[in-house]
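Everything on this sheet refers to the single structure shown next.
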Amino acid sequence: MQRAATSESTISNLKSLASPPAAVIDVLIAFSLLLGYDTRISNNWRGCQRILADYSILSKVDNFDPLYCTLSKAHESEKILDKYSVEIIRNNDLNAAKVYTWTKSMIEKVKSSGGLKE
């Protein structure tokens, strides 16, 4: 697991952003979706901040198993991220680029493993 990409400081720095660009919010929405958070909560910046404040988020990252994520969640997350490159995200926020890289990597693992059957 790429722990440095989703460290406590990365999450804390993202949570403290006052008004991040849409690209950063989209990365966090895709990340939240992949981790199993309700999309009704994570569909805006305030919801993303609530998720980033969840004490169990780092545990969810550490224990993420591609076999327990559905392909539909992976595809939905991928669809959100497809309009961005890591360079675009990095130009918006370095911490968001770390989360983007982790999320893209986990999407590929879910797809290659076949994910959880629905």
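Here the working numbering is used: the sequence shown runs in plain steps of one and ends on residue 108.
Glycine residues also receive a C-beta, built at the ideal position from the N, C-alpha and C atoms.
The model shown is predicted, which means the values in this text are computed figures rather than measured ones.
- In this structure, residue 57 and residue -4 do not form a Cβ contact; the two beta carbons are roughly 19 angstroms apart against a cut-off of 8 angstroms.
- According to the DSSP secondary-structure assignment, residue 60 is paired through a beta bridge with 106.
- Residue 38 places its beta carbon less than 8 angstroms from that of residue 15.
- Excluding its 5 nearest sequence neighbours in each direction, residue 26 has C-beta neighbours in its own chain below 8 angstroms: 50, 59, 63, listed in chain order.
- Between residue 4 and residue 86 the beta-carbon gap is near 6 angstroms, inside 8 angstroms, which marks them as a contact.
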